[in-house]
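If you read the sequences in order, they're chains A and B.
Following the numbering used here, the numbering of the first sequence begins with 1 at its first residue and continues without gaps.
Following the numbering used here, the numbering of the second sequence begins with 1 at its first residue and continues without gaps.
Read through the structure below, which is laid out as structure tokens, and then see the notes.
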Amino acid sequence: MIELENLTKRYGDVDVVSDVSMQIQPGSFTVVVGQSGSGKSTLLRMVNRLVEPTAGRVLIDGRDVASLPGPTLRRGIGYAIQGHGLFPHRTVAQNIATVPTLLGWPKAKIRARVAELLEALQLDPGQFAAKYPDELSGGEQQRVGVARALAAGPNILLMDEPFGALDPIIRVKAQDDVKAIQRRFETTILLVTHDMEEAFHLGDAIAVMSGGKLQQYGSPEDLLLRPANDYVSRLIGSSDRALRALSLKTARDAAESGDTDGLFPIAPDANLRDALAELIWRGADAAAVSGEAGTPPRRLSLRRILALGRGA
Amino acid sequence: MATHQAAAAPPRQVGTGALARLDRLGLLLVALAAGGLASLPFLTFKANRIAAGAGKTLADTLGTAVAAAFLAVLALVAAVALLDRRPRVRLAAALLGVGAMALAVGFGAGWLTPPGDRFARVAPGGGAWLLLLALALLATDALARLGLSPLLRMAALAGAAAVTVLAFRSGLFDQLSVMREYASRADVFGREARQHLLLAGGSVAAAILIGAPLGALCALSPRIRGAVLPVLNVVQTIPSIALFGLLMGPLAWLGRTQPWAAELGIRGIGAAPALLALTLYALLPVAANTALGLGRVPATAVDAAAGMGMTRRQILARIEIPLALPVILAGVRVVLVQNIGLATIAALIGGGGLGTFVFQGVGQTAIDLVLLGAAPTVAMAFVAAVLLDAVVDALGRRPA
Ligand SMILES: Nc1ncnc2c1ncn2[C@@H]1O[C@H](COP(=O)(O)OP(=O)(O)O)[C@@H](O)[C@H]1O
Ligand SMILES: [Mg+2]
């Protein structure tokens with residue numbers, strides 16, 4: 001668990017982060033969202049002490065991070081940033097090996113770990129290990145950046161706008177990959193973004209920052225259904241709140257038993273927003289959601305989706 | 001570019017078309033060499049060191065038969081320069097020309113010198129120098145277009161140096177006046193050449209030791225940068241002789257009053273002020289390029305390095321310096337070439353170096369002696385430039 005206690009950072013006479021307290025659950029994907037200049041990066045960088053707090057403290061599993069030397073602390077925490085920050089004069093393999101090398105791992109172990117990570121991020125080691133960063137596409141660079149951050153198997157991964165440099169189509173894929181990796185390695189991720197869409201897509205918990213202050217911290221549903229103040233509701237946007245709410249629920253959750261003869265199929269993992277789009281596109285009133293392991297398919301109707309959307 | 005356009009000219013314009021197909025650079029070089037050989041002497045002959053010189057044409061020097069053969073070789077080189085655009089062929093032609101010319105000059109000098117005459121002086125004339133210039137330009141252009149890898153370039157340089165040394169060792173040029181000057185000063189020459197390298201190399205090494213950290217400070221803080229770089233800039237603009245003069249006073253005082261300084265050989269004249277002045281001249285390019293190179297290191301790379309737990313020192317050694325190195329070395333190259341040239345002036349204040357011969361030669365109006373100092377200086381600067389260019393290039397490219 002990461003605990004932020006009354007964290008404040010002052011530059012000159014401005015508090016760019018002001019008295020922020022929050023607890024981040026182990027294994028969670030927590031997203032800090034806010035406009036540019038709201039203090040998100042400063043908050044994130046106080047966790048690994050790239051920035052020293054003016055007041056307050058950070059505890060990781062109950063231990064004050066100030067009790068460790070900065071570099072030692074940071075070697076134990078993953079760090080990935082916008083524009084990837086890969087070292088241009090080092091190969092992909094050397095980049096990924098950065099922290100293990102700093103930690104003095106044996107060569108064979110490093111080599112095996114690099115290969116494992118490249119594979120986990122769907123990069124063929126034989127093809128990519130010896131390449132230089134400028135020989136990769138933007139999406140590949142971003143994945144190598146993530147692999148490098150995960151190299152020493154940290155429990156915590158800090159990410160500062162890691163998808164900011166990607167074009168929209170690759171971005172969604174990259175987000176899904178990181179989400180999958182997070183589940184696989186059970187990493188606690190603290191990610192910073194200015195993109196509300198991204199926050200809702202990724203976050204188990206979302207923290208909204210403005211003017212250095214924490215406006216609201218809670219689950220995506222909390223933010224949608226019970227925005228703490230005007231700022232949060234404006235940031236989330238009123239017009240597509242219903243659609244956002246739908247995108248948080250899956251077809252599996254909403255399907256009812258009923259007649260599914262002749263209905264087109266929809267995946268149980270699909271969210272209701274996508275299901276709605278599919279129904280509108282096909283001009284259908286209902287779809288069939290395949291059942292789990294042997295159970296019969298169930299019915300997802302347009303009427304049911306609309307009802308759930310109204311509830312939001 | 002221009003040559004490509006020329007090559008693509010429509011074949012209809014027969015009259016100008018033939019001319020347009022000629023290589024433009026080749027045309028210029030052939031004109032230069034042919035004009036030089038036609039209007040200027042190939043070698044000059046003086047009965048003794050200070051007698052008036054008499055120009056000798058190719059035919060005077062080599063006799064008609066050999067001169068004709070030499071001209072035939074040159075015509076072949078000219079044909080390649082004009083018509084063949086393949087860099088390999090052009091380079092081979094240029095080297096052939098240089099070889100033929102070396103033989104013509106060497107043997108020509110021997111034939112012009114009466115047997116046993118130790119006072120006669122034979123030197124290359126304007127025609128020979130222009131021919132050499134044209135051939136060198138032809139070779140340089142071909143080399144540039146060949147785009148050799150850094151390693152191959154260094155190998156080519158080593159090969160050329162070896163052949164040159166062998167040619168001089170073989171005695172081919174012993175009858176040339178420069179070599180006569182050399183023969184009477186062989187021991188001093190070695191000492192002054194070493195001193196020259198020491199002055200240039202030592203000052204550049206000192207400039208790196210001082211200038212690189214200074215540049216790093218400039219990269220860290222705009223305030224320091226604003227204070228340091230303008231001062232170094234002003235130092236650069238002081239004429240070298242004036243700078244030597246400016247340093248003589250304080251150093252002389254140091255040497256007189258401080259025993260430790262005297263022990264180190266610090267005096268108003270000699271190598272100390274020369275070394276100091278050369279170091280000062282070298283500071284700006286080294287410091288400025290270090291600041292520039294470090295400033296260009298991507299901020300995200302440094303942030304990532306810090307975020308992954310590198311210490312400040314590790315970031316500098318593993319990320320910043322390697323990424324800035326090509327730019328820093330480009331500054332070192334400029335400074336090394338510059339100081340090899342400037343070190344000549346050290347001789348004026350008793351600092352030694354190849355300038356000794358240059359200024360002795362100027363004093364005695366013995367142009368051959370000037371050449372004995374100047375030619376090796378130019379050669380050193382050339383070798384330094386090629387070597388460092390190759391190193392910078394090798395760092396810029398990567399093993400793929
Ligand atoms: N080292 C610093 N010195 C002075 N001001 C800073 C520094 N770092 C950040 N700031 C200021 O703090 C504010 C918050 O910055 P940041 O945390 O980077 O915001 P965000 O990541 O939300 O865009 C900005 O106004 C920024 O200009
Ligand atoms: Mg930021």
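C-beta atoms are modelled at their ideal positions from N, C-alpha and C, and glycine is treated no differently.
For residue i, three-class secondary structure by DSSP
i	result
B/A2	Caution applies to B/A2, whose pLDDT of 43 falls short of 50 and renders its modelled position unreliable; the model cannot decide the point.
A/M22	strand
A/S67	helix
B/K46	strand
B/P239	coil
A/V51	coil
A/Q207	According to the sequence shown, residue 207 of chain A is Ala rather than Gln. Strand.
A/K131	coil
A/I77	strand
B/L172	coil
A/R304	helix
A/Q94	helix
A/Q215	strand
A/N229	coil
A/T101	helix
A/T8	strand
B/P285	helix
A/F29	strand
Any C-beta of chain A under 7 Å from that of residue i
i	result
B/L146	no
B/P41	no
B/G309	yes
B/P150	no
B/P399	Residue confidence is low: B/P399 scores 48 on pLDDT, short of 50, so the model does not pin down where it sits. Its coordinate-derived value is still stated next. False, the Cβ-Cβ gap to chain A never drops below 7 Å.
B/G293	no
Residue from the options with nearest C-alpha to residue i
i	options	result
B/T64	B/A104, B/R85 and B/F45	B/A104
B/L58	B/A379, B/T113 and B/V66	B/V66
B/I345	B/L316, B/A274 and B/V378	B/A274
A/I96	A/I24, A/I181 and A/G78	A/G78
A/K109	A/A152, A/V92 and A/L86	A/A152
B/I328	B/I340, B/L209, B/T44 and B/Q364	B/L209
B/H196	B/G270, B/L112 and B/N289	B/G270
A/R113	A/Y132, A/D269 and A/V92	A/V92
A/R74	B/A306, B/F42, B/G110 and B/L28	B/A306
A/L224	A/R241, A/Q215, A/K213 and A/Y231	A/R241
B/N48	B/D368, B/V383, B/G396 and B/A375	B/D368
B/A304	A/L117, A/V65 and A/L86	A/L86
A/G12	A/T54, A/G211 and A/M46	A/T54
A/S38	A/A205, A/R10 and A/G56	A/R10
A/E5	A/G34, A/G139, A/Q25 and A/V58	A/V58
B/P114	B/I340, B/A128, B/P124 and B/Q175	B/Q175
B/L220	B/V302, B/A193, B/V188 and B/L243	B/V302
Test: residue i CB closer than 7 Å to a CB of chain B
i	result
A/V17	no
A/R75	yes
A/P71	yes
A/L102	yes
A/T98	yes
A/Y79	yes
Inset, instruction - Please name the residues in the region 133-153 of chain A whose beta-carbon is closer than 7 Å to at least one beta-carbon of chain B, in chain order. - result: Within the region 133-153 of chain A, no residue has a Cβ that lies closer than 7 Å to any Cβ of chain B.
Legend entry - Near-chain B residues of the region 81-96 of chain A - C-beta to any C-beta below 8 Å: Along the region 81-96 of chain A, the positions whose C-beta sits under 8 Å from a C-beta of chain B are I81, Q82, G83, H84, G85, L86, F87, P88 and H89, read in chain order.
Legend entry - Ordered list of alpha helix (DSSP H) runs contained in the region 238-294 of chain A, each at least 4 residues: Those alpha helix (DSSP H) runs which fall completely within the region 238-294 of chain A and span 4+ residues are 241-247, 251-254 and 272-282.
Legend entry - Residues proximal to ligand 3 by C-beta, any heavy atom closer than 5 Å: Ligand 3 is absent from the structure shown, which contains only ligand 1 and ligand 2.
Legend entry - Contiguous beta strand (DSSP E) assignments of at least 3 residues, all confined to the region 40-118 of chain B: Qualifying beta strand (DSSP E) stretches, in chain order: 43-46 and 54-56.
Legend entry - Near-chain A residues of the region 299-328 of chain B (beta-carbon distance less than 7 Å), N- to C-terminal order: Listed by position along the chain: T300, A301, D303, A304, A306, G307, M308, G309, M310, T311, I319, P322 and L323.
Legend entry - Near-chain B residues of the region 31-54 of chain A (beta-carbon distance less than 9 Å), N- to C-terminal order: From the region 31-54 of chain A, only R45, N48 and L50 have a Cβ closer than 9 Å to chain B.
Inset, instruction - Ignoring anything shorter than 3 residues or poking outside the region 121-191 of chain A, list the beta strand (DSSP E) runs there in chain order. - result: Secondary structure within the region 121-191 of chain A: the beta strand (DSSP E) runs of 3 or more consecutive residues, fully enclosed, are 156-160 (chain order).
Legend entry - Whole alpha helix (DSSP H) elements within the region 131-195 of chain B, 4-residue minimum: Counting only runs of 4 or more, we get 150-169 and 177-183.
Inset, instruction - Starting from the N-terminal side, write out each stretch of the alpha helix (DSSP H) that is 4 residues or longer and does not extend beyond the region 314-394 of chain B. - result: DSSP runs (the alpha helix (DSSP H)) wholly in the region 314-394 of chain B: 321-342 and 355-363.
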